[in-house]
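Every number in the numbering used here is 33 more than the matching position in the sequence shown, counting from 1. Backbone N, C-alpha and C fix where the C-beta goes; we use that ideal spot for every residue, glycine too. To keep things clear, I will list the structure first and then write my remarks on it.
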Amino acid sequence: MIKPGRRQIEQIKPYTPGKPVEELERELGIREAMKLASNENPLGPSPRAVKAVARSLAAVNRYPDGGAFLLRGALAKRLKVKPESLVFGNGSNELIELLVRTYLKPGEAAVTSECSFLVYDLVVPAAGGRLRKVPMKKFTFDLEGIGSHVDRKTRMVFIANPNNPTGTMVREHELVRFLRRIPGDVLVAMDEAYAEFATDPRYPRSLRLLARFPNLVILRTFSKIYGLAGLRIGYGVARPEVADYLNRVRQPFNVNSLAQEAARAALEDVAHVRATRANNRRGFALLYREFRRMRIPYVPSQANFVLFRVPGNGSEYYQHLLRAGVIVRPMAGYGLPDWLRVSIGLPRENRKFLAALRQALAQLPAPSRKGRRSHAG
Ligand SMILES: Cc1ncc(COP(=O)(O)O)c(C=O)c1O
Numbered sequence: 034m035i036k037p038g039r040r041q042i043e044q045i046k047p048y049t050p051g052k053p054v055e056e057l058e059r060e061l062g063i064r065e066a067m068k069l070a071s072n073e074n075p076l077g078p079s080p081r082a083v084k085a086v087a088r089s090l091a092a093v094n095r096y097p098d099g100g101a102f103l104l105r106g107a108l109a110k111r112l113k114v115k116p117e118s119l120v121f122g123n124g125s126n127e128l129i130e131l132l133v134r135t136y137l138k139p140g141e142a143a144v145t146s147e148c149s150f151l152v153y154d155l156v157v158p159a160a161g162g163r164l165r166k167v168p169m170k171k172f173t174f175d176l177e178g179i180g181s182h183v184d185r186k187t188r189m190v191f192i193a194n195p196n197n198p199t200g201t202m203v204r205e206h207e208l209v210r211f212l213r214r215i216p217g218d219v220l221v222a223m224d225e226a227y228a229e230f231a232t233d234p235r236y237p238r239s240l241r242l243l244a245r246f247p248n249l250v251i252l253r254t255f256s257k258i259y260g261l262a263g264l265r266i267g268y269g270v271a272r273p274e275v276a277d278y279l280n281r282v283r284q285p286f287n288v289n290s291l292a293q294e295a296a297r298a299a300l301e302d303v304a305h306v307r308a309t310r311a312n313n314r315r316g317f318a319l320l321y322r323e324f325r326r327m328r329i330p331y332v333p334s335q336a337n338f339v340l341f342r343v344p345g346n347g348s349e350y351y352q353h354l355l356r357a358g359v360i361v362r363p364m365a366g367y368g369l370p371d372w373l374r375v376s377i378g379l380p381r382e383n384r385k386f387l388a389a390l391r392q393a394l395a396q397l398p399a400p401s402r403k404g405r406r407s408h409a410g
């Protein structure tokens with residue numbers, strides 16, 4: 034067997050994506066299963082994006098525009114940044130990888146938090162780097178703790194904000210304090226895949242911070258609020274010099290033409306974004322209320338999913354929900370064996386999830402709840 038050149042690659046745990054609906058239906062012989070496991074947009078893509086894709090299909094014999102000229106112009110205008118500040122990727126996942134390939138040498142370190150996005154665990158060791166993970170404080174990135182772990186070997190820091198899977202956020206003043214403390218040659222990547230869902234007014238206006246902190250890079254995506262996860266398109270915003278390096282390293286045609294056109298249309302579809310936010314808000318109101326009624330602890334979220342704790346083995350609850358046709362995300366892989374993460378769905382999906390959870394609570398053996406600390410907000 035041919036072994037990979039880097040020893041770390043053998044130690045990478047493969048990423049486990051949310052279970053696809055079709056797979057569950059095939060396995061259990063059921064119909065109408067639903068997936069609340071990957072933080073997708075339950076309203077679907079913007080109808081304008083669907084039309085744009087249909088219009089562009091006939092031209093897929095051509096390579097895409099490697100510079101994403103039209104999308105770049107539209108997005109630069111929307112974000113009020115220079116077009117040269119932008120870099121596009123095959124999902125923001127690709128940008129995470131690009132950052133590592135561009136800035137991290139083998140033997141160097143990246144720092145993030147425990148219980149954060151697992152893709153950092155894949156790309157850092159694959160590049161021969163070391164990922165240090167600092168414990169969370171109250172399910173939130175501990176920027177003070179992360180700052181203390183930045184040393185001479187550290188080249189970059191990943192901050193998922195809001196964080197997946199906890200849904201918590203760091204606030205603007207905390208971020209600014211952190212950025213002031215961090216050496217200018219350490220790149221700070223703000224992974225803001227869920228930025229558009231955050232409702233807390235203290236959520237950082239990170240784009241404005243780019244002028245003050247040249248080592249800052251902001252990652253966003255069209256997969257979440259814009260509902261284009263299947264097309265794979267995300268972007269980074271950085272100082273033009275940094276964007277230029279990333280653009281040199283990326284594949285010339287990394288973002289396909291359908292994704293570029295869909296993203297441009299989705300950006301214009303303000304009504305779709307508004308409806309998505311409203312659905313999210315209503316979904317949280319229902320879930321929080323019902324969690325409290327069921328005495329289920331949960332972590333208040335700034336994203337489009339919520340972490341909640343079950344009174345028992347998370348995997349058993351996960352399996353029970355699967356049998357009821359509801360796919361959520363087990364959290365044992367994040368070191369939280371009695372927690373699950375559920376994405377906000379359509380109203381009927383949220384109700385079906387809650388009914389299945391209520392049934393699981395009634396049917397699964399519950400250890401004594403005495404002495405269990407509640408995180409309910
Ligand atoms: C924190 C975070 N960052 C990035 C991504 C990647 O999104 P995509 O590659 O679809 O843009 C996700 C997706 O779940 C995420 O949760």
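Residue span of the alpha helix (DSSP H) that contains residue i, given as start and end
i: Arg265; result: Here Arg265 belongs to no alpha helix (DSSP H), and DSSP marks it neither H nor E.
i: Leu291; result: Ser290 to Glu301
i: Gln396; result: Pro380 to Gln396
i: Ile179; result: Leu176 to Ser181
i: Arg281; result: Pro273 to Val282
i: Lys27; result: Not covered by the structure: residue 27. The range shown for the chain is 34 to 410.
i: Glu43; result: Arg40 to Gln44
Which residues DSSP lists as bridging residue i, in chain order
i: Pro97; result: DSSP lists no partner for Pro97.
i: Ile63; result: Beta-bridge pairing links Ile63 to no other residue.
i: Thr187; result: Ala142
i: Tyr331; result: Phe341
i: Ile360; result: Lys68
i: Ile192; result: Met223
i: Thr309; result: BP columns for Thr309 are empty, so no partner.
i: Lys170; result: Thr173
i: Gly269; result: Val120 and Leu252
Element boundaries [beta strand (DSSP E), containing residue i]
i: Val375; result: Trp372 to Ser376
i: Phe102; result: Careful: Phe102 lies outside any beta strand (DSSP E), inside the alpha helix (DSSP H) at Phe102 to Leu112.
i: Leu164; result: Arg163 to Val167
**Message:** Could you tell me which whole beta strand (DSSP E) segments of length 3 or greater appear in the segment 117-160?
**Reply:** 119-122 and 142-146
**Asked** Which residues have a Cβ closer than 6 Å to any heavy atom of ligand 1, listed in chain order?
**Response** Those residues, listed in chain order, are Asn72, Gly124, Ser125, Asn126, Phe150, Ala193, Asn197, Asp224, Ala226, Thr254, Ser256, Ala262 and Gly267.
**Request:** Identify every run of the alpha helix (DSSP H) within the segment 194-256, keeping only runs that are complete inside it and at least 4 residues long; order them along the chain.
**Result:** 205-214 and 239-242
**Meets three-Cβ-pair contact criterion under 8 Å: the segment 177-185 and the segment 313-322** = no
**Validate contact between the segment 149-168 and the segment 293-304 using beta carbons, cut 8 Å, 3 pairs** = no
**Request:** Would you check if there are 3 or more beta carbon pairs closer than 8 Å linking the segment 256-263 to the segment 96-108?
**Result:** When Cβ pairs closer than 8 Å are counted between the two stretches, the segment 256-263 is seen not to touch the segment 96-108, the count staying below three.
**Request:** Count the CB pairs spanning the segment 131-138 and the segment 187-196 that are closer than 8 Å, and state whether there are at least three.
**Result:** yes
**Asked** Do the segment 53-60 and the segment 231-245 touch if we need at least three Cβ pairs shorter than 8 Å?
**Response** no
**Message:** With three or more beta-carbon pairs closer than 8 Å as the criterion, would you say the segment 321-330 touches the segment 387-398?
**Reply:** Yes, they touch.
**Message:** Using 8 Å as the cut-off, can you tell me whether the segment 265-277 makes contact with the segment 45-59, which would need three or more C-beta pairs spanning the two stretches below that distance?
**Reply:** no
**Request:** Check whether the segment 34-49 touches the segment 330-338, taking contact to mean three or more Cβ pairs, one atom from each stretch, closer than 8 Å.
**Result:** no
**Prompt:** Using 8 Å as the Cβ pair cut-off and three pairs as the minimum, do the segment 335-349 and the segment 364-376 touch?
**Reply:** yes
**Request:** Determine, using beta-carbon pairs with one atom in the segment 82-95 and one in the segment 103-115, whether at least three such pairs fall under 8 Å.
**Result:** no
**Asked** So does the segment 220-239 actually touch the segment 250-258, counting three or more Cβ pairs closer than 8 Å?
**Response** yes
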